[in-house]
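Here the structure comes first, spelled out in structure tokens, and everything after it is commentary.
Residue numbers (mature numbering (1 follows the signal peptide of the UniProt record, and there is no 0)): -22 to -1, 1 to 168.
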């Protein structure tokens, strides 16, 4: 259909609708805030519809809004886990720890990235949180994973990894062995 077949008022209406749809996407989609942060300071959309943003958390898997990086998220989860273990009042599966240390996890959970792997990471995160597991997230480095593993070696049930895990398996400072008793057992990395 060419523009010759549309009236001028139809074209104007479609243009306005398209503009409003773009603004709505930028403001309310999980990736919208990231897209807006890439724009210049002169492009400022400042409107809110409080009815579209519920204040209380609706789901148990949601994270606090003030968390801006995976370090803050992990600190809060570790505090919750240590508190429940000290007070002996953990919820079902809360003492079971999942280490999800691949870059897609913080990007999906903290930044709202919804690429293919981000969708997968978010769905896994939601499922594990709904089952009550403590999920710690991080980037690709084995040093960070090992540090978190050593905090809760008996509670860590699985490590969700990226390709860097091969570096850990080959490194005597990372993998558990006769000379590194506090390393990550190979079966938790496979």
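For glycine and all other residues, C-beta sits at the position ideal for the given N, C-alpha and C.
Quick caveat: nothing in here was measured; it's all calculated off a predicted structure.
Residue closest to residue 52, alpha-carbon to alpha-carbon, out of 72, 114, 97, 45 | The residue from 72, 114, 97, 45 with its alpha-carbon nearest to that of residue 52 is 114.
Could you tell me the distance, in whole angstroms, from the CA atom of residue 120 to the CA atom of residue 43?
-> Answer to the nearest angstrom: the Cα atoms are 28 angstroms apart.
Which whole-angstrom value describes the C-beta separation of residue 138 and residue 86, a residue pair presumed to lie in contact below a C-beta threshold of 8 angstroms?
-> By a beta-carbon distance limit of 8 angstroms, residue 138 does not contact residue 86. Their separation comes to about 12 angstroms.
Please work out which residues of its chain come closer than 6 angstroms, Cβ to Cβ, to residue 130, disregarding the five sequence neighbours upstream and downstream, and give them in chain order.
-> Within the same chain, residue 130 has close Cβ partners 75.
Should residue -12 be labelled buried (16 or more other beta-carbon atoms within 10 Å of its own) or exposed?
-> By the neighbour-count rule (16 or more Cβ atoms within 10 Å), residue -12 is not buried but exposed.
Under a Cβ-count criterion, where at least 16 other Cβ atoms within 10 Å of its own Cβ denotes burial, should residue 84 be classed as buried or exposed?
-> Residue 84 sits buried, since 16 or more C-beta atoms from the chains shown fall within 10 Å of its C-beta.
Where residue 157 falls: helix, strand or coil (DSSP) = Under the three-state reduction of DSSP output, residue 157 falls in the coil class, being neither helix nor strand.
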